[in-house]
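Colleague: Heads up: the sequence shown is residues -19 to -1, 1 to 358, going by mature numbering (1 follows the signal peptide of the UniProt record, and there is no 0).
We put the beta carbon where it would ideally sit given N, CA and C, even for glycine.
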Amino acid sequence: MKHFSIFVALGLAAVSVAAQAGEQAVLKTSERHQQDRRLIQLSENDPGTWLTEYEILTLVQQRTPFMDITDHPPTLGVEQLIVADKVPAETSYHEEVQRFIDDLDTTNMQENLETFTSFHNRYYKSSWGARSCAWLLERIKQIAEPANDRVTVEPFHHKWDQFSIIARFNGTNPDLDNEVVIVSAHQDSVNMWLPDFGRAPGADDDGSGTVTILEAFRSLVDNGFEPERPVEFHWYSAEEGGLLGSQDVAKAYNKAHKDIVAMVQNDMTGYIGANGEVFGIATDYVHLKVTNFIKKLVDTYADIPYVETECGYACSDHASWRKYGYPSSFVMESAFDDSNHYIHTWDDTIDKLSFDHMKEFAKVDIGFAVELSHQRE
């Protein structure tokens, strides 16, 4: 009995120590989750809610658009930023635009996308995400090399390892050097169940947009594009994390008092929906005049019709530019409800996409870049 009592006492002591250790572990885990919380905005006037990474991932699984405003809270006065109206109502430079369109090659898109999707994923916090953006940067530099000083290519670094990339055609008119035209896409991908380690080829979201604007960029370089205004091509990091990369870039441009003539975001350009091949143009949370000009570009330079669609608040990187007072627009592969339902999974693969469809978007991107690069009376 005596020995039994000792064993009981020792056992109870061990249980007590284990319980205390478990309690400490729970507290540490709770503290870590609290520290990991991010301020997430779901609508334009939403002050934001602090969510854990798990709760944020649930939004991704539900295809609920969101903006992570932890490092970019709403700034008083930004919404009142006045940007001069330099977007025309009609297209004018048809022969010049067509010269670049005629050189578009879907083989280039396919080869680039095959390499881009070969990375296990392109999640902005993973080692693969860092390696994929390094490959993309080198690919863009290779394309830009013949242009010499006409084009600069630079990484835009963030707090995480995957950087954004900015390729700039320098303008020929010094008086217009601060007036920038932007064509963009996002380079990262995500597996909505296992973001850090899961397979996420991201062929459509947004590998398609990435190689679409890359091919437009290549044609402009190879055929001697010399814009009056600077024209920039952007490949953003961390869109899937809540538009983190594009918010950093837009904030920097706002702080530098850059005048953005217009920007267009290409997010998912490769999938043909059940309702047939169309050009999806977002009509919510966008700049009306830029959006109307996109419609003119589709009518003039594309071989497919457009449909108007709504995608919700913060559905892609154009929302970051709108947040900082700039005229932005958004194009996608179809109406939002008819878009690719394989995104954010291991099954977002090339075999489901049409490179001819992507080419239609490259045509419009070239039209956007060339038409808006000119100063009009």
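Of the residues Tyr252, Asn151 and Asn273, which one's Cα is nearest the Cα of Lys333?
Modeller: Numbered from its first residue, the sequence shown carries residue 333 at position 352. When each option's Cα is compared against that of Lys333, the closest is Tyr252.
Colleague: Assuming Ile163 contacts Met244 under a Cβ cut-off of 8 Å, what Cβ separation, rounded to an integer in Å, is found between them?
Modeller: Here residue 163 is taken as the residue at index 182 of the sequence shown, counted from 1. Here residue 244 is taken as the residue at index 263 of the sequence shown, counted from 1. About 4 Å; that satisfies the 8 Å criterion.
Colleague: Excluding the five sequence neighbours on either side, which residues of its own chain have a C-beta within less than 8 Å of the C-beta of Tyr74, listed in chain order?
Modeller: Numbered from 1 along the sequence shown, position 93 holds the residue referred to as residue 74. Excluding residues within five positions, the ones whose Cβ falls inside 8 Å are Val351, Glu352 and His355.
Colleague: When the distance is taken between beta carbons, is Thr133 closer than 8 Å to Ala166?
Modeller: Here residue 166 is taken as the residue at index 185 of the sequence shown, counted from 1. Here residue 133 is taken as the residue at index 152 of the sequence shown, counted from 1. Against a cut-off of 8 Å, the Cβ pair of Thr133 and Ala166 comes out as no contact.
Colleague: Please identify the residue among Ala237, Phe150 and Gly254 whose C-alpha is closest to the C-alpha of Asn204.
Modeller: Here the question's residue 204 lines up with position 223 in the sequence shown. Comparing Cα positions, the closest option is Phe150.
Colleague: Thinking His299 and Val267 are a contact (beta carbons under 8 Å), I'd like their distance in whole angstroms, please.
Modeller: For the purposes of this step, residue 299 is taken as residue 318 along the sequence shown, with counting starting at 1. For the purposes of this step, residue 267 is taken as residue 286 along the sequence shown, with counting starting at 1. Between Val267 and His299 the Cβ distance is about 7 Å, and since that is below 8 Å, they are a contact.
Colleague: Between the C-alpha atoms of Pro69 and Thr272, what's the straight-line distance to the nearest angstrom?
Modeller: Looking up residue 69 in the sequence shown gives position 88. Looking up residue 272 in the sequence shown gives position 291. So the two alpha carbons sit approximately 11 Å from each other.
Colleague: What are the partner residues of Trp31, as DSSP defines its beta bridges?
Modeller: Residue mapping note: residue 31 aligns to position 50 of the sequence shown, counting from 1. In the DSSP output, where bridge partners are listed per residue, Trp31 has Leu20.
Colleague: Leaving out five residues on either side along the sequence, give the residues of the same chain with a beta carbon under 7 Å from the beta carbon of Gln42.
Modeller: In the sequence shown, counting from the first residue as 1, residue 42 sits at position 61. Met173.
Colleague: Please list the terminal residues of the continuous alpha helix (DSSP H) segment that includes Ala350.
Modeller: Translated into positions along the sequence shown, residue 350 becomes position 369. Ala350 -> alpha helix (DSSP H) spans Phe336 to Ser354.
Colleague: May I have the straight-line CA-CA distance separating His138 from Cys114, to the nearest angstrom?
Modeller: In the sequence shown, counting from the first residue as 1, residue 138 sits at position 157. In the sequence shown, counting from the first residue as 1, residue 114 sits at position 133. One C-alpha to the other measures close to 11 Å.
Colleague: Looking at Asp185 and Asp329, is the spacing between their C-beta atoms short of 8 Å?
Modeller: Taking the first residue of the sequence shown as 1, we reach residue 329 at position 348. Taking the first residue of the sequence shown as 1, we reach residue 185 at position 204. Yes, Cβ-Cβ distance for Asp329 and Asp185 is below 8 Å.
Colleague: Would you check if the distance between the CB atom of Ala283 and the CB atom of Phe311 is smaller than 8 Å?
Modeller: Residue mapping note: residue 283 aligns to position 302 of the sequence shown, counting from 1. Residue mapping note: residue 311 aligns to position 330 of the sequence shown, counting from 1. No, Cβ-Cβ distance for Ala283 and Phe311 is not below 8 Å.
Colleague: Quick check: Ser320 and Gly254, are their CB atoms within less than 8 Å of each other?
Modeller: In the sequence shown, residue 320 corresponds to position 339, counting from 1. In the sequence shown, residue 254 corresponds to position 273, counting from 1. A contact, by the Cβ cut-off of 8 Å.
Colleague: With a 10 Å radius around its C-beta and 16 neighbouring C-beta atoms as the bar for buried, classify Asp248 as buried or exposed.
Modeller: Here the question's residue 248 lines up with position 267 in the sequence shown. Classification for Asp248: buried.
Colleague: Does the beta-carbon of Thr250 have 16 or more other beta-carbons within 10 angstroms, so that it is buried, or is it exposed?
Modeller: For the purposes of this step, residue 250 is taken as residue 269 along the sequence shown, with counting starting at 1. Buried, because 16 or more other Cβ atoms sit within 10 Å of the Cβ of Thr250.
Colleague: With DSSP run on the structure shown, which of helix, strand or coil describes Ile253?
Modeller: Counting from one through the sequence shown, the residue named residue 253 turns up at place 272. Ile253 falls in the coil class under three-state DSSP.
Colleague: Consult DSSP for Phe198 and reduce its assignment to one of helix, strand or coil.
Modeller: Within the sequence shown, residue 198 is the residue found at index 217, counting from 1. Note: Phe198 maps to helix in three-state DSSP.
Colleague: Does DSSP put Phe178 in a helix, a strand or coil?
Modeller: Start at 1 with the first residue of the sequence shown, and residue 178 comes out as number 197. Phe178: coil per DSSP, three-state reduction.
Colleague: Give every residue of the same chain whose Cβ lies closer than 8 Å to the Cβ of Leu8, excluding the five residues on either side of it in the sequence, and list them in chain order.
Modeller: Reading the sequence shown from its first residue, position 27 is the one you call residue 8. The predicted model places Leu8 with a pLDDT of 41, which falls under 50 and marks its position as unreliable; any figure quoted below should be read in that light. Taken in chain order, the list of residues that qualify is empty.
Colleague: How far does the alpha helix (DSSP H) with Ala300 in it reach, from first residue to last?
Modeller: As a first step, residue 300 must be located in the sequence shown, where it is residue number 319. Segment His299 to Lys304, the alpha helix (DSSP H) holding Ala300.
Colleague: Return the residue from the list Tyr234, Ser189 and Ile324 that minimises the CA-CA distance to Gly306.
Modeller: Against the sequence shown, residue 306 aligns to sequence position 325. Out of Tyr234, Ser189 and Ile324, Tyr234 has the C-alpha closest to the C-alpha of Gly306.
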